[in-house]
Every structure is written in C-alpha cells, then in structure tokens.
Amino acid sequence: MINVDVGNGEHHEYSAGITAGEVIENVHGRRSGAVAAFVDGTERDMSHVLDSDCSVEPISGDSDEGSYILRHSCAHLLAQAVTEMFPEAKPTIGPPIDHGFYYDFHMDSISEDELKAIEKRMKELVKRNLQISREEHDNDSLRSLFSDNPFKIEIMDDKIGSDVGSSAYRQGDFIDLCRGPHVPSTSHLRWFKLTSTSQAYWRADKNRESLVRIYGMCYSTKEGLKERVRQLDEAAKRDHKKIGREMELYMINEMIGKGLPVWLPNGEILKGEIEKFAVETEEAYGYVRVTTPVLGKKELFEASGHLPHYADGMYPPMEMDDGEYYLKAMNCPFHHLVFSNKKRSYRELPMRIAEYGTVYRNELSGTLAGLLRVRMLSMNDAHIYCTLDQVASEVADNVRMVQDYYSAFGFDDYHFRLSLWDPENTEKYIDQPENWESTQNHLRGILDELGVDYVEAVGEAAFYGPKIDIQFTTLLGREESMSTIQLDFAAKERFGLSYTDETGSDNGEVFVIHRAPLSTHERFVAFLTEHWAGNFPTWLSPVQVQIITISEKHKVHAATVASALYESGVRVKVDDSDNTVGKKIRNHRKMKPAYMVIIGDEETDSGTVSIRSRDGSQKKGVPLFDFVASIFAEITTRDRRLSLVPGSDEVE
RNA sequence: GCCACUGUAGCUUAGCUCGGUAUAGCGUCUGAUUCGUAAUCAGAAGAUCGGGAGUUCAAAUCUCCCCAGUGGCUCCA
18 MINVDVGNGE HHEYSAGITA GEVIENVHGR RSGAVAAFVD GTERDMSHVL
68 DSDCSVEPIS GDSDEGSYIL RHSCAHLLAQ AVTEMFPEAK PTIGPPIDHG
118 FYYDFHMDSI SEDELKAIEK RMKELVKRNL QISREEHDND SLRSLFSDNP
168 FKIEIMDDKI GSDVGSSAYR QGDFIDLCRG PHVPSTSHLR WFKLTSTSQA
218 YWRADKNRES LVRIYGMCYS TKEGLKERVR QLDEAAKRDH KKIGREMELY
268 MINEMIGKGL PVWLPNGEIL KGEIEKFAVE TEEAYGYVRV TTPVLGKKEL
318 FEASGHLPHY ADGMYPPMEM DDGEYYLKAM NCPFHHLVFS NKKRSYRELP
368 MRIAEYGTVY RNELSGTLAG LLRVRMLSMN DAHIYCTLDQ VASEVADNVR
418 MVQDYYSAFG FDDYHFRLSL WDPENTEKYI DQPENWESTQ NHLRGILDEL
468 GVDYVEAVGE AAFYGPKIDI QFTTLLGREE SMSTIQLDFA AKERFGLSYT
518 DETGSDNGEV FVIHRAPLST HERFVAFLTE HWAGNFPTWL SPVQVQIITI
568 SEKHKVHAAT VASALYESGV RVKVDDSDNT VGKKIRNHRK MKPAYMVIIG
618 DEETDSGTVS IRSRDGSQKK GVPLFDFVAS IFAEITTRDR RLSLVPGSDE
668 VE
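Sequence positions in the first sequence follow the numbering used here and run 18 to 669.
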C-alpha cells in the first residue's frame, strides 16, 4: 500500500501500481476536468503509475499548465493528421503557444483548402478516441524509431546525455518524440481550430530548411474557443488599417512605394497634435531644436558606424558628382556634428538637441504593415550630450517623460525592457566589450534606482549601445517597441566629441543618449488608433464637432455656432445638406467626431446647442457660450475623457 | 528578403469549381423632399476584374511571370 497526499490535508491509502488518473477519479470524480496530474509537483500523464508515497493533484484543462498540455497534445493531433494525409511530411517541432499551438513540417506548402481538410481529419481522429500512450526508450531504439526523420535525429543529437527526449508518445499509428505529458486520449481535444499557415526556418535559421508552419488555437471548452474568436473579431474592428481608411488618416499608394505612407489631412491633424504636445514638453525639459537634411554623404555614415554596422537597414547610395549620398536612417550623425560645430563648455551640458524629422530605413519588404512598420519614420527625436555623472538624471527624466506621455494618451499596457548586446555575436556591435559591460550595468542601476519593473533581453541592443525599450503588444499579440532610450559610448570617439571642463582642459568623456519617447509618429498613431478604436479624446479628434442642421431654416444659427467654435480654435464641420437628421448622423459616425451638435428650431430660438455624444446620449439646451467654454477647456487640458454629455465619458 | 494566402467601381461585395467582356449595397452626382437624433424617394454616372504575357473562336474565370496587401519567419522604432 502507498500513502497518497491528495491535497487539502487529505491522505488516502492505495495499492501500489495505481495510476495518477485513477487516484484523481477516485478523489474528484470522473468529470474532474483534469487533463494530467502533478505528482510530487511534477507534471505527469494520467497513466503515470504510482509505486511509492507521493502527492497527486489534478491539472485542470483550464489552468495555465493544463491548457498548455491540451495545446501540446493538439499539436500532436495536427501532426498525426498531416502525416496521415501527406506521408512524405516530416514533423519537426510543435510547441504550445498562447491561445493554441503550431507545428512545423518539412513538406510541400499547403493551400487553404488543404488546411480545412487537415482540420477535418483531426476531428475524425478525435472521434476515434485514440489512446495517447507514453513509451520509454533508450537512445538506440529511439533513434531507430525516427530514423527516417533527420530533424528528430538532430534534436536527439543536441540532447545526448540528458534524460529529456528519452520518451515518445504514440496515438494510433503516429508516434512523436516528446517529453510530455499529454492528455489521455484524442477525445479530450474538441475545441480547436486551425488558423493559418506560414513559412518558418528550421532552427529559426534562414540558411536552413524552409518549413511549413501550421497554426491553430485550442481551448478546454467551447466557450473558451468562442470567446477567443470573438476577441479576434473585436480586434479586427479596431485594426488601424481599417479605421485609418474609414477616417481617412493615411493612404499607401503603390506608385509612391511600399512602406511609404501618405498622411491625409485627418492623420496630419493627429500627427500635428502629437508633435505640438512634444514641443511643449521638450521646451519645459530644456531641449533646443534643429532641422537637418534627409540625406548626407557616405563619409558621414562611415564615421557614425552606420555603414559598417547598419548598411542593410539603409536605402542604397545615390551617386553624385562629389561622391555617394545616403538617405538618413537616423538623425544622430547630424546631431553629433551640430554638437561639435563649436567648442562646447561644461556649462552647456547636458545639451539636448531635438529634431522633428523623417528618417528612411530599408525595412525588409515582408515585414511592412500599415503604419505599424514602415520605411518612412517620422520622429520626435533627440540626442542628449552629457557627462557620465549626468546620464542617470537624464535617463530618469526620459523615463518619466515616457510615463507622462503614455498616461496623457491613455496607454497603460506596456513594459520596460533593458536591451543588451549579445557577447556571442560581437560583429553586430561596436567592438568595445568593457564599455558594453559598464554602460549596461549603468543603465541597469538607473532602472533599479527608479524602481521600474523591466525584463532584460540579450541581443536587442542598438549597434552603438544598450537601450531601454518600452514594449507594447499589438492587437494580434505581436510585441513591438514603442519608445526607446539608448546610451551611446562610442560617438565621442567616432566624432571626436569633447567639451572644456571646469579645469579648462579638453574633456572627451561625452556620453550621448538617443531617445524617442513617442516612437515614430507612424507607429504611435497606429497604436493610438487601435487603443481608442478611432474614438480619440477631443484634443486629438480630427473632427472635434460635427454640426448637423435639421432643415434649411437652421443654416444661419449653425453658421453662428460654427464660427464661435472656430474662433476658439475648435475643429468644426457643418453638414447643412438636405438629408434627414438620422441619415446625417449615420454618415458622420464613421469619422468619429468627438461630439455632434444638432441645430433645429429649439436651438435657433434659444441660442443654444444640442450635444450628441458618440454613444448616442445627448444634452439639450446648452447655451452656446457654455458649450464653447467647456469644449475649449476639454481640449486645452488634453482631457482624456469626453465629459460634455453626462454618461458619455464611459465610452473610451 | 523568405513562405503561404489574397487582389473585382471610393468602400463592402456576387460571379471564378464547370471560360461566352460583370452583381448588388453604401458612398458620389442630379432632381424631388425641409424632415428632431444609427439609412426619405426617384434617376444617373462610376470597373478594360492588381499589371503583363500565354492557351483559346472567346479569359474576371485556365497557365506562367511580375506588383501590391495580409499572416507568419527573419529583422526591427
């Protein structure tokens, strides 16, 4: 007999040889919803045999661990279906991921119809309720099992000497190398859906084999799956590409070129408001502004290190009579020359040089996406020239600036990342190992001091130094960098930066901080649009007030209201066409004005307005002067909430 | 850059499997209507079906090559 701790302080006696699943069924019943078990805290199959005293705890299908097991098993199910239908396909790896799983196969690419057929086959395998059983093998027998699959052999080669990979899982005729655990049988896998296929490289190495990746989602319940589908539908509605088209924020035209968006009047308003805000903020922080050319000579980018380290990211050179010119991918080389344009004194440091301008980067064509990833990057950029002693407070100011910006724009879902160099891959970076280590430690110390939560990421540094990146997750779950604060220890030597210190001698210890707290305007507006679903706060709304007349009689009062708003700097439009009121409201909703104002007899007679909020609630009989004053206040304070109509501030 | 998928009026979209030069709604324009909070009525214009080549008596539809978009991989703000 063995003594099993079944949780809640309860201990049961069983005869040795009982399985974890039988214990769970005995304690929690047949419908426990468990997919596997923790045996002494380790994830095990339900079929795991217990032969000594231990603790057993069910892993529920809707727990984090349970859904990963479910998704992992679903990946095996996919591999089984694929290898049955395409016998030449070689399964490689197939891990669980958030919301689902994927599996990479070495095979010919498949069409959408074939994807549907695979899903159908998976459902058939589920109906057959195949047992999923674990098999232990020694190295040799494991190798002979997978002798026709070089990918599995390569995985085993990497794991020689370790216990991991000594097991395989079998379901029907299909067997896969796997550590497990798995659900007991295919019938546990009901709520899944294959979503897409794509290409991936074996071992994420573009010089290795190209594989077909199939993605799917998988949940423990029908509701879970439905909720995920609903979330994705909801996300599609917030897509900045869709809203950007409807609200006429930007356009992309093939004839101009891919990755080169054109800001339309409404988008230009958003961009302008963001930039205006940045100029005000930076003035308060002691920045000075410059404008530099969009291109420069090859020698400049050689000096900066761009051509040795970043040439792939730049547009190719233009041949001129006096040499080769490149479009700038970054502003820093220009700003360095602004700094060294004259002899600087320690009294001038920290010197903060800002520029609102556009840089051009040759991003890989396959990565371009709406405004989120472009080749034209409009940036509120700046470089801070300072001594090592001043780095901490300058970085701290910028972290604060970022936090203040995000709070003003309503962003709350982001995290800090300390992006470090990869010492294993030094050719990507400027080769000064001691400086990398010391500046990285410096940044780490500053973040710790500030008490900011952050994650560290090796290999994410810029070529010239470590950085603090602020990371966001897109609607589709992809992580993107927004703001960045970068420390550059190499510029001082490359550009001979120096200043005259307190002792009167030339001091070359100039540190440069590169920072773009608002990301690029393209990416920022994409996030902003998705965050607010186009329902921007009043100060950002391209149309702040849309006036709608009820009939011809009301044109005059509408014009009076419009000019009063216009005089106060409010962006206002009038629709006095002969459509019905309902029709006009419907038409203008797609432009998402902060407020609509209805003008009819009542308003004309009393000199008031009737305000309609985005959610349809309204406030009648507001005196014109009061309306102008309150919307003016809402705009100038950059209020995130639309509060002119009671109840409407709940709509964000 | 790599792989797959997609590409029909400004927008959404039918037709494509089984070839016979295209369907509808919204929007636009014109006329009527002057109307109180998510579609007033009628009429008109608008598409060489992403581009090019091929097969065919005939191509939106079949084949090939480009281009662009989308999803991923790699890369990155």
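Beta carbons are placed, not taken as given, at the ideal position from N, Cα and C, and that holds for glycine. Predicted model, so just to flag it, every value in this text is computed and none were measured.
Under DSSP, residue 227 shares a beta bridge with 218.
Beyond the five residues adjoining it in sequence on each side, residue 531 comes within less than 7 Å, by CB distance, of 349, 400, 503 and 505 in the same chain, given in chain order. In chain order, 53, 60, 61, 62 and 86 place their CB closer than 7 Å to the CB of residue 198, counting only its own chain and leaving out the 5 sequence neighbours on each side. The continuous stretches of beta strand (DSSP E) do not include residue 418, which lies in the alpha helix (DSSP H) extending over residues 405-426. When Cβ pairs closer than 8 Å are counted between the two stretches, the stretch 247-254 is seen not to touch the stretch 122-141, the count staying below three. By the neighbour-count criterion, in which 16 or more other beta carbons inside 10 Å mark a residue as buried, residue 392 falls on the buried side.
If you ignore the 5 residues before and after residue 563, its C-beta comes within less than 6 Å of the C-beta of 590, 605, 610 and 613, all in its own chain and listed in chain order.
Contact annotation, residue 418 with residue 304: C-beta distance approximately 10 Å; criterion of less than 8 Å not satisfied. The three-state reading of DSSP puts residue 321 in helix, counting H, G and I together. For residue 267, the CB contacts under 7 Å within the same chain, skipping 5 residues up- and downstream, are 261, 278, 279, 280, 281, 284 and 388 in chain order.
Ranked by Cα distance from residue 575, the first of 584, 592, 561 and 559 is 592. Residue burial is scored here from C-beta neighbours: residue 384 has fewer than 16 other C-beta atoms within 10 angstroms and is therefore classed as exposed. A distance of 9 Å or more separates the beta carbons of residue 335 and residue 327.
Annotated three-state conformation of residue 453 is helix, per DSSP. With a cut-off of 8 Å on Cβ pairs, the stretch 153-173 is not in contact with the stretch 72-81, counting fewer than three such pairs. Secondary structure at residue 345: coil, using DSSP grouped into helix, strand and coil. Contact between residue 355 and residue 307 holds: CB atoms are separated by about 6 Å, below the 8 Å threshold.
Here residue 217 has 121, 228 and 230 as same chain residues with Cβ atoms under 6 Å from its own Cβ, once five neighbours each way along the sequence are excluded. Along the stretch 584-660, the alpha helix (DSSP H) occurs as fully enclosed runs of 4 or more residues at 598-606, 618-623 and 641-653, listed in sequence order. Assigned with DSSP and collapsed to three states, residue 103 falls in coil, not helix or strand. Here residue 148 is exposed: its Cβ has fewer than 16 other Cβ atoms, across all protein chains shown, within 10 Å. Here the stretch 527-547 makes no contact with the stretch 594-602; the two share fewer than three CB pairs at distances below 8 Å. Runs of the beta strand (DSSP E) lying entirely within the stretch 73-143, each at least 3 residues long, are 117-123 in chain order. Residue 648 holds the alpha-carbon nearest to the alpha-carbon of residue 560 among 648, 151 and 193. In this structure residue 225 is exposed. Its beta-carbon is surrounded by fewer than 16 other beta-carbon atoms within 10 angstroms. The stretch 358-373 makes contact with the stretch 510-525: 3 or more CB pairs, one atom from each, lie closer than 8 Å.
For a cut-off of 8 Å, the C-beta gap from residue 437 to residue 475 is around 5 Å, short enough to register as a contact.
Counting along the chain, residue 193 sits inside no alpha helix (DSSP H); it lies in the beta strand (DSSP E) bounded by residues 191-194. Note: residue 503 is bridge-paired with 484 and 531 in the DSSP secondary-structure output. Of the residues 661, 413 and 567, the one whose Cα lies closest to the Cα of residue 465 is 413.
Taking a 10 Å sphere around the C-beta of residue 346, we find 16 or more other C-beta atoms and assign the residue as buried. Put simply, of 368, 96 and 573 the residue whose alpha carbon is nearest the alpha carbon of residue 407 is 368. Counting along the chain, residue 339 sits inside no alpha helix (DSSP H), nor does DSSP assign it H or E at all.
Between the alpha carbons of residue 662 and residue 635 lies a distance of about 6 Å.
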